[in-house]
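Novice: So that we are looking at the same thing, I have put the structure below in structure tokens.
2 protein chains.
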Amino acid sequence: MLRLSKLTDYAVVVLVRLSEESGIQTSGGIAASTGVPEPTVAKVLKIMTSAGLVASQRGARGGYRLARPLATIPVAEVIIAIDGPIALTACVEHSTSVCDTSSLCPVKGRWDAVNTAILDALSTISLADMRPTAFFPLPAHHLPEKRDAVPTTASALTTAFLE
Amino acid sequence: MLRLSKLTDYAVVVLVRLSEESGIQTSGGIAASTGVPEPTVAKVLKIMTSAGLVASQRGARGGYRLARPLATIPVAEVIIAIDGPIALTACVEHSTSVCDTSSLCPVKGRWDAVNTAILDALSTISLADMRPTAFFPLPAHHLPEKRDAVPTTASALTTAFLE
DNA sequence: CCATTCAGGACCGCGCCAGTCCTGTTTTCG
DNA sequence: CGAAAACAGGACTGGCGCGGTCCTGAATGG
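So the sequence lines, in the order shown, correspond to chains A and B.
So for the first sequence, the numbering used here puts the first residue at 1195; every next one is plus one.
So for the second sequence, the numbering used here puts the first residue at 1195; every next one is plus one.
The following block contains the structure:
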């Protein structure tokens, strides 16, 4: 699958939405404007808060706001905040789970290179790169450069893999 | 989680093991030499066969052998063979599932860049790069070059993310 | 003092992967 | 020619984890 959790997808939606308003926003308001169910938005925002990506204000007239500019938040950070450290398999270093056949595992330690490569790719792309230009056409500052930072060299092989 | 299925992990083990013997090998033999349960090995090999990564010989004295050299098999191909096309979210192009809120989804189409970056990374690393050098020290042909192809530039940021 | 809003859990159902098994087909060997 | 060896291709099930909801408590503002 190599699929990330749905909550991560929601998190990106919510964070992007947060960036589109200067003031503070309630979880209910974000739910309304994004279409994501309110309890889910609340859950996402709580996680984002404890991860330090957004700042929260309790009490009446409270709400959430971004702790940092969108462009300084790599996708990797969002994924890690929700799903925990990126570890493709149990054999990867820093993994929480244990490899039961670690002593004779033939690929022991070899997934690390793969893991690092993926992490590197995810650290290159910021949330600002994922903002849809069509909906909110703003003076494109970072989008063009960052987009070029995404490797597009494997196009031929890549598209073949994508079926 | 961004975790790939256990079967994929097994597949790498099995394929590497296949490469370490010139002749044909039975699924039972591979199970014995790798420690992976035999039914699971059989399942993996059947998938690998239909994906064209290994060739099979039926009947008595039958078995499996690699269809191509290990160095020409990118990790991405193994992952795709087992888990299907790589699609991080439902919103990614070529994804099989449908995005229910596609029309007003704020990040519509934006995961594509992320997906492509990951796919590119996975296409760069071949199974030969994952062979443990400690166990079978052979004249290193492709290992050094390929290993350098794996981006190691994000080390500082990367290790920070890894918990 | 009350309404509002976040904090931090507990909780449950559903889907999906992992692992097994069974039946059929192909091939080799005695 | 028959029996054993080995792959082919499913069906089947159990467990685990995520998605989604809800509840109680704490903080804040009017």
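Every residue, glycine too, gets a C-beta built ideally from N, C-alpha and C.
1. Tell me the DSSP bridge mates of Gly-1257 (chain B)?
2. Restricting to runs no shorter than 4 residues, where is the alpha helix (DSSP H) found entirely within the stretch 1196-1270 of chain A?
3. Mind listing the chain B neighbours of Ala-1225 (chain A)? Cutoff is C-beta to C-beta under 8 Å, in chain order.
4. Count the other CB atoms within 10 Å of the CB of Val-1292 (chain B); is the residue buried (16 or more) or exposed (fewer)?
5. Tell me Ser-1317 (chain B)'s beta-bridge partners as DSSP assigns them.
6. By the 9 Å beta-carbon criterion, what residues does the stretch 1301-1315 of chain A contribute toward chain B?
7. Using 8 Å as the limit for Cβ to Cβ distance, is Ala-1281 (chain A) near chain B?
8. Rounded to the nearest angstrom, what separates Thr-1266 (chain B) and Ala-1261 (chain A) at their Cα positions?
9. Kindly indicate which three-state DSSP category Ala-1281 (chain B) falls into: helix, strand or coil?
10. Against Met-1324 (chain A), what residues of chain B qualify as contacts under a CB-to-CB distance less than 8 Å, listed in chain order?
11. Which residues in the same chain have their Cβ closer than 6 Å to the Cβ of Phe-1355 (chain B), if we skip the five residues on either side of it in sequence?
12. How do the stretch 1231-1245 of chain A and the stretch 1195-1211 of chain A stand: do at least 3 beta-carbon pairs fall below 8 Å, yes or no?
13. Pop quiz: Leu-1282 (chain A) and Leu-1198 (chain B) are said to be a contact at Cβ under 8 Å. What is the actual Cβ separation, rounded to whole angstroms?
14. Taking just the CA atoms, how far does Val-1272 (chain B) sit from Leu-1313 (chain B)?
15. With 8 Å as the threshold, decide whether the Cβ of Val-1235 (chain A) is near any Cβ in chain B.
16. With a threshold of 7 Å on Cβ separation, who are the neighbours of Leu-1196 (chain A) within its own chain once the five nearest residues in sequence on each side are excluded?
17. The stretch 1239-1262 of chain B: which residues have C-beta closer than 7 Å to a C-beta of chain A, in chain order?
18. Using a Cβ cut-off of 9 Å, pull out every chain B residue sitting near Thr-1220 (chain A), in sequence order please.
19. Can you tell me whether Gly-1257 (chain B) is buried or exposed? The criterion is at least 16 other CB atoms within 10 Å of its CB, across all chains shown.
20. If I measure Cβ to Cβ from Leu-1212 (chain B) and keep anything under 8 Å in the same chain, skipping five residues before and after, which residues do I get?
21. For the candidate residues A:Thr-1243, A:Gln-1251, A:Gly-1278, whose alpha-carbon lies nearest to that of Gly-1217 (chain A)?
22. Nearest to Pro-1233 (chain B) by alpha carbon, out of B:Met-1242, B:Pro-1268, B:Gly-1222, B:Leu-1316?
23. Report, in whole angstroms, the separation of the C-beta atoms of Ala-1315 (chain B) and Ala-1315 (chain A), which I expect to be a contact under 8 Å.
24. How would you list, in chain order, the residues of chain A whose beta-carbon sits under 8 Å from the beta-carbon of Lys-1319 (chain B)?
25. Express the C-alpha separation of Gly-1253 (chain A) and Asp-1306 (chain A) in angstroms, rounding to a whole number.
26. Run the CB neighbour count on Pro-1263 (chain B), radius 10 Å, all protein chains shown included, and call it buried at 16 or more, exposed below.
Specialist: This is what the structure gives:
1. Beta-bridge pairing by DSSP links Gly-1257 (chain B) to B:Gln-1251.
2. 1200-1213, 1221-1228, 1232-1244
3. Those do not exist, as Ala-1225 (chain A) stays about 13 Å from chain B at its closest Cβ, beyond 8 Å.
4. Low confidence applies here, because Val-1292 (chain B) scores a pLDDT of 49, under 50, leaving its location unreliable and the question unanswered by this model.
5. Answer by DSSP bridge pairing: none, since Ser-1317 (chain B) is not bridged.
6. Shown in chain order are the members of the stretch 1301-1315 of chain A whose Cβ falls below 9 Å from a Cβ of chain B: Val-1301, Lys-1302, Gly-1303, Arg-1304, Trp-1305, Ala-1307, Val-1308, Asn-1309, Thr-1310, Ala-1311, Ile-1312, Leu-1313, Asp-1314, Ala-1315.
7. yes
8. 45 Å
9. In the structure shown, Ala-1281 (chain B) sits in coil (DSSP, three-state: anything other than H, G, I, E or B).
10. Val-1301, Arg-1304, Trp-1305, Ala-1307, Val-1308
11. Legend: pLDDT at Phe-1355 (chain B) = 41, less than 50; position of this residue unreliable, value from coordinates given subsequently. Taken in chain order, the list of residues that qualify is empty.
12. The stretch 1231-1245 of chain A makes contact with the stretch 1195-1211 of chain A: 3 or more CB pairs, one atom from each, lie closer than 8 Å.
13. 5 Å
14. 12 Å
15. So no, Val-1235 (chain A) is outside the interface.
16. none
17. none
18. Against Thr-1220 (chain A), chain B offers no close residue; the least beta-carbon distance is about 18 Å (beta-carbon pairs closer than 9 Å).
19. buried
20. Gln-1219, Ile-1224, Val-1248, Tyr-1258, Arg-1259, Leu-1260
21. With distances taken between Cα atoms, Gly-1217 (chain A) lies closest to A:Gln-1251.
22. B:Gly-1222
23. Sure, about 5 Å apart at Cβ, within 8 Å.
24. The sequence shown places Ile at residue 1319 (chain B), rather than the Lys named in the question. Near Ile-1319 (chain B) (Cβ distances below 8 Å), the residues of chain A are Ala-1307, Val-1308, Ala-1311.
25. 45 Å
26. exposed
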